[in-house]
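One structure below.
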Amino acid sequence: MIGDDIVGDVGGAQQCGMRALQVRTGKFRPSDEHHPEVKADGYVDNLAEAVDLLLQHMDK
1 MIGDDIVGDV
11 GGAQQCGMRA
21 LQVRTGKFRP
31 SDEHHPEVKA
41 DGYVDNLAEA
51 VDLLLQHMDK
């Protein structure tokens with residue numbers, strides 16, 4: 001899952017057993033990377049970077 005909200009998007013996805021990337025746009029705040037309860041599986045600067053990352057992992 002790719003989202004900008006650390007608790008709603010990332011935390012929600014992880015509670016469902018999904019891996020989650022947080023995009024550093026929209027609701028993202030720098031403090032999200034140090035959230036006390038939720039840690040994204042990765043952080044990307046934009047959706048294009050997220051797509052590139054996912055495509056790289058699909059080739060493996």
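Anchor point for the sequence shown: position 28 equals 28 in the UniProt record's numbering, and the numbering is continuous, going up by one each time.
We put the beta carbon where it would ideally sit given N, CA and C, even for glycine.
Secondary structure note for G12: its alpha helix (DSSP H) is the uninterrupted segment 12-15. A distance of 8 Å or more separates the beta carbons of G8 and V23. By a beta-carbon distance limit of 8 Å, V10 does not contact A50. Their separation comes to about 13 Å. Under a 10 Å Cβ-count criterion, A13 is classified as buried, with 16 or more other Cβ atoms of the shown protein chains found around its own Cβ. The beta-carbon separation of L21 and V44, rounded to 6 Å, stays under the 8 Å limit for a contact.
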